[in-house]
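K.L.:
Residue numbers (the numbering used here), protein chains in the order written: chain A, 261 to 602; chain B, 130 to 421; chain C, 17 to 252.
1. Please report whether the beta-carbon of residue 161 of chain B lies at a distance below 8 Å from any beta-carbon of chain C.
2. By the 7 Å beta-carbon criterion, what residues does the stretch 350-375 of chain B contribute toward chain A?
3. Under 8 Å, Cβ to Cβ, is there at least one residue of chain C near residue 225 of chain B?
4. List, from N- to C-terminal side, the alpha helix (DSSP H) runs of 4 residues or more that fit wholly inside the stretch 502-587 of chain A.
5. When you compare only the Cα positions, how much space is there between residue 241 of chain B and residue 248 of chain B?
6. Output yes if chain B places a C-beta closer than 8 Å to the C-beta of residue 522 of chain A; else output no.
7. Using 8 Å as the threshold, is the C-beta distance between residue 450 of chain A and residue 363 of chain A below it?
8. How long is the line joining the alpha carbons of residue 192 of chain C and residue 36 of chain C, rounded to whole angstroms?
9. Check the Cβ-Cβ distances between residue 454 of chain A and every residue of chain F, and say whether any is below 8 Å.
10. Tell me the DSSP secondary structure of residue 26 of chain C in three-state form.
11. Note the first and the last residue of the continuous alpha helix (DSSP H) segment covering residue 291 of chain B.
12. Could you tell me the alpha carbon to alpha carbon distance between residue 591 of chain A and residue 572 of chain A, rounded to whole angstroms?
13. So residue 344 of chain A is in the alpha helix (DSSP H); what residue range does that whole segment cover?
14. For residue 179 of chain B and residue 167 of chain B, which I take to be in contact (beta-carbon distance under 8 Å), what is that distance rounded to the nearest angstrom?
15. Would you report the Cα separation of residue 408 of chain B and residue 370 of chain A, rounded to the nearest angstrom?
16. Go to residue 242 of chain C, then tell me how far its alpha helix (DSSP H) extends in each direction, as first and last residue.
17. Looking at C-beta atoms only, is the number of pairs between the stretch 410-423 of chain A and the stretch 498-508 of chain A that lie closer than 8 Å three or more?
18. Quick one: what does DSSP say residue 167 of chain C is sitting in, helix, strand or coil?
19. Determine, using beta-carbon pairs with one atom in the stretch 179-199 of chain C and one in the stretch 397-413 of chain B, whether at least three such pairs fall under 8 Å.
20. Taking only the alpha-carbon atoms, compute the straight-line gap between residue 392 of chain A and residue 540 of chain A and give it to the nearest angstrom.
21. Report the three-state DSSP secondary structure of residue 61 of chain C (helix, strand or coil).
22. Quick one, are the C-beta atoms of residue 398 of chain B and residue 281 of chain A less than 8 Å apart?
23. Is it true that the stretch 132-150 of chain B meets the stretch 210-218 of chain B, where meeting means three or more beta-carbon pairs spaced less than 8 Å apart?
24. Buried or exposed, going by whether 16 or more other CB atoms sit within 10 Å of the CB of residue 3 of chain C?
25. At the 8 Å Cβ level, is residue 409 of chain B part of the contact set with chain A, yes or no?
26. Tell me, please, whether the stretch 294-309 of chain B touches the stretch 114-134 of chain C by the rule of three or more beta-carbon pairs shorter than 8 Å.
27. Let me see if you follow: with CB-CB separation under 8 Å, is residue 359 of chain A close to chain B or not?
28. By the criterion of Cβ-Cβ separation under 7 Å, what are the contact partners of residue 393 of chain A in chain B?
29. Could you give the residue range of the alpha helix (DSSP H) that holds residue 301 of chain A?
30. Please classify residue 33 of chain C as buried or exposed, where buried requires at least 16 other C-beta atoms within 10 Å of its C-beta.
31. Check whether chain B comes within 8 Å of residue 174 of chain C, counting only Cβ atoms and requiring the distance to be less than that.
32. Using the beta-carbon count (16 or more within 10 Å), is residue 303 of chain A buried or exposed?
33. Rounded to whole angstroms, what is the Cα-Cα separation between residue 563 of chain A and residue 236 of chain B?
34. Can you tell me where the alpha helix (DSSP H) with residue 129 of chain C in it begins and where it stops?
35. Sorted by chain position, which residues of the same chain lie with C-beta nearer than 7 Å to residue 338 of chain B's C-beta, five sequence neighbours on each side aside?
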């Protein structure tokens with residue numbers, strides 16, 4: 261058999277995406293648009309990881325932005341208090357985010373899906389409240405009071421990624437490629453998880469839980485692994501977010517931001533592989549268009565969520581796979597309908 | 130002794146409000162396996178409706194209270210009729226309805242922001258005045274909260290055990306298919322449940338905003354507490370939610386008294402996590418929620 | 017006299033799995049009809065489809081002179097009662113509350129009380145335990161509550177899915193005695209059982225279900241003479 265494995269096909273897709281995105285700065289030179297594409301790649305990376313966690317591992321976590329914030333805040337705090345460079349902060353933040361996920365996962369994952377959703381949501385909210393109600397000044401920075409976790413103002417004037425010396429006015433291109441690399445890593449990781457052994461384990465667990473258990477697969481353990489792995493890459497993305505914007509703050513905990521990313525996942529298609537990327541693109545475009553209509557971002561997000569869940573619950577990916585089925589050929593990650601009796 | 134009275138008074142007031150906020154959510158989950166992520170916004174809508182009735186129509190407080198409760202019921206009914214009922218028999222219902230209600234919630238919150246602005250108002254639907262028990266100052270409003278919550282929750286308990294539609298709700302929650310075999314029209318039952326949950330949320334919103342302020346995001350904090358209470362009680366247990374709410378209210382009052390307000394939620398959550406490790410189905414939970 | 021229930025060409029199943037291949041079936045206005053056959057061949061599926069818990073893929077069903085409405089609650093209100101397999105009681109409710117739920121669609125409270133007395137007369141043990149929660153009952157008592165609940169609907173046709181499932185022989189005798197009494201009062205009953213020996217004593221008509229369709233139908237007398245065929249299907 262000389263046909264490519266599923267993973268290889270997806271990795272070729274990643275390569276194509278990488279080439280495409282690498283060429284974009286040649287055509288798009290306005291800093292505003294490059295900045296928006298950077299933001300797109302950041303959110304797409306988060307959406308991709310969330311999709312692996314929710315759509316494939318079956319963990320209904322609403323704490324995705326908490327993990328992201330752990331990454332961003334760890335980067336900001338280690339840069340501010342320990343003086344390390346943003347490049348060093350990236351892996352550190354990823355590890356801390358993974359550790360946080362490990363702890364949260366241990367507490368929650370034994371329980372049913374609704375419990376996981378609520379508890380992660382509650383923990384996220386609790387961390388937010390703790391951050392913004394902390395009024396004690398830990399230290400002073402540039403003459404102002406710096407609260408340990410940043411308080412309501414967060415951290416700012418962080419050290420940048422260092423492209424200004426090399427690229428001068430085109431520093432944003434340096435950030436662009438940094439984010440592109442992180443996004444690519446995140447995407448590759450998600451493909452390996454989904455189409456590799458861990459993804460296989462999850463499909464087995466959901467199709468035949470008894471048989472899977474008999475074969476030694478433990479749902480809680482597998483979900484914990486998925487939680488930690490996706491948190492690593494989410495935290496990494498959070499760190500690069502902080503490095504790019506040179507700041508971070510409690511606005512990351514906004515419910516609207518969580519739903520924004522959730523919309524990307526749902527619009528793309530919850531169980532697909534590439535869905536979140538397209539979902540992210542679509543949501544970014546929608547929000548950009550909505551800016552012209554005044555401050556309707558939250559309404560747009562809400563409407564999109566409701567409409568998609570009602571009419572297109574499998575997202576764009578579901579739509580394209582239905583179209584493929586109608587024309588005969590089967591897409592790479594189509595799943596046969598479970599012929600369950602009773 | 131004064132400390133004890135203070136904690137009891139604050140604790141029971143908090144507990145009563147939390148119970149009002151949590152019981153509707155527990156009922157919704159128990160009957161429909163549905164999580165209403167817009168629950169906080171339902172509370173906010175009730176609060177704003179009451180506020181508007183007084184501020185723009187000059188109505189008496191009791192009318193405003195009823196309007197707030199009614200507004201909650203209406204929004205609950207709309208949620209069912211326009212969104213939830215179409216999703217009921219689909220696969221992935223639990224996660225889809227979570228997402229859909231979250232979407233509705235943020236939509237409604239934005240609507241409130243556009244209509245009323247973000248500036249916090251004070252809730253006119255409340256009672257002024259203080260009296261003393263021992264050395265402790267007790268507001269009449271906290272008595273009102275306690276009484277109102279007790280009345281509404283008792284009314285719910287009465288409805289669930291003594292009326293036909295209440296029995297239908299309980300039957301549907303216990304065994305949906307069996308209820309259908311008895312002739313229970315489950316779609317109507319779900320509508321009734323969401324209306325009841327909406328009304329209780331509206332009442333809770335009015336009471337909560339009377340203690341703090343009224344703003345479009347005011348429902349988020351109480352909603353998170355309601356979620357946590359339902360989880361620790363065991364999802365679906367209505368009486369459990371009520372009891373857990375009061376217990377947690379007392380616990381939080383004690384924490385606030387000794388350590389300060391900001392530690393209330395974190396310690397409550399820590400307690401909840403410990404309880405769940407010991408009893409994964411919740412204190413009063415009956416469903417199999419532990420997975421291997 | 018017209019048939020109470022008349023089914024032609026019924027095809028049904030779960031999700032994508034077809035279970036009933038094409039069932040033709042009719043039930044008279046009174047008496048006990050038994051559906052027998054090995055498990056997994058569609059007996060429960062047939063009852064659930066008639067009751068409305070499973071959608072009909074194709075075929076017609078006419079009940080009491082009119083086509084069956086869609087959905088289980090509506091069919092229950094028309095007088096088509098199903099006592100499901102495994103009892104499916106309302107576990108948080110007492111015996112009496114469970115029985116009263118059976119009469120949910122009825123409005124004449126005095127008649128409902130009358131039916132309740134009939135049920136208690138038929139199953140005296142339930143009267144003793146009427147304020148007990150149903151979780152605390154024994155298997156046989158739960159079965160009685162299930163059947164009693166079905167009786168409370170005062171329907172035209174009562175379908176019972178495996179009344180002897182999981183019960184001790186002595187209790188099964190009692191259950192079937194009660195079923196005999198119910199039928200003697202003029203009710204129409206359909207009983208699904210894996211093993212025909214119990215139900216053979218009370219039923220008038222038999223259908224053997226094999227692979228989603230009826231492989232054999234006949235009266236009690238015919239059942240006795242065809243015991244060879246039956247044994248082939250059910251094993252010795």
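Note that the Cβ used here is the ideal one computed from N, Cα and C, for glycine as well.
No experiment lies behind these values; they were computed from the predicted model shown.
P.N.:
Short version:
1. It does not; no Cβ of chain C falls within 8 Å.
2. Taking 7 Å as the Cβ-Cβ cut-off against chain A, the residues of the stretch 350-375 of chain B that qualify are 353, 356, 357, 360, 364.
3. By this cut-off, residue 225 of chain B is not an interface position.
4. 515-528, 535-551, 557-571, 575-586, all fully within the stretch 502-587 of chain A.
5. If you draw a straight line from the Cα of residue 241 of chain B to the Cα of residue 248 of chain B, it is about 11 Å long.
6. Yes, residue 522 of chain A lies at the interface with chain B (some Cβ there is under 8 Å from its Cβ).
7. At the C-beta level, residue 450 of chain A and residue 363 of chain A stay beyond 8 Å of one another.
8. Going by the C-alpha atoms only, they are around 28 Å apart.
9. Absence of chain F from the displayed structure is noted, the protein chains being A, B and C.
10. It is a strand residue.
11. Its alpha helix (DSSP H) spans residues 269-291.
12. Confidence in residue 591 of chain A is poor, its pLDDT being 48 and thus under 50, which makes the residue's placement unreliable; the coordinate value appears in the next sentence. Spanning the two alpha carbons is a distance of roughly 18 Å.
13. Per DSSP, residue 344 of chain A lies in no alpha helix (DSSP H) and is assigned neither H nor E.
14. 18 Å between Cβ atoms; not a contact.
15. About 11 Å.
16. Neither: residue 242 of chain C is in no alpha helix (DSSP H) and is coded neither H nor E.
17. The stretch 410-423 of chain A, when compared against the stretch 498-508 of chain A, does touch it at the 8 Å Cβ threshold.
18. Under the three-state reduction of DSSP output, residue 167 of chain C falls in the helix class.
19. No, the stretch 179-199 of chain C is not in contact with the stretch 397-413 of chain B.
20. Going from the Cα of residue 392 of chain A to the Cα of residue 540 of chain A covers about 29 Å.
21. Collapsing the DSSP output to three states places residue 61 of chain C in a helix.
22. Residue 398 of chain B is not a Cβ neighbour of residue 281 of chain A, given a cutoff of 8 Å.
23. As far as the Cβ criterion goes, the stretch 132-150 of chain B does not touch the stretch 210-218 of chain B, which means the pair count is below three.
24. Nothing in the structure corresponds to residue 3 of chain C, since chain C is present only between 17 and 252.
25. It does; some Cβ of chain A falls within 8 Å.
26. Yes, the stretch 294-309 of chain B touches the stretch 114-134 of chain C.
27. No, its Cβ sits nowhere closer than 8 Å to a Cβ of chain B.
28. Residues of chain B passing the Cβ test: 391.
29. 291-311 is the extent of the alpha helix (DSSP H) around residue 301 of chain A.
30. Counting other Cβ atoms within 10 Å of its Cβ, residue 33 of chain C stays below 16 and is therefore classed as exposed.
31. Not flagged as an interface residue toward chain B: residue 174 of chain C, since no C-beta distance is shorter than 8 Å.
32. Label assigned to residue 303 of chain A: buried.
33. In this structure, the alpha-carbon of residue 563 of chain A lies about 7 Å from that of residue 236 of chain B.
34. That run of the alpha helix (DSSP H) goes 125-138.
35. Correct list, in chain order: 176, 252, 347.
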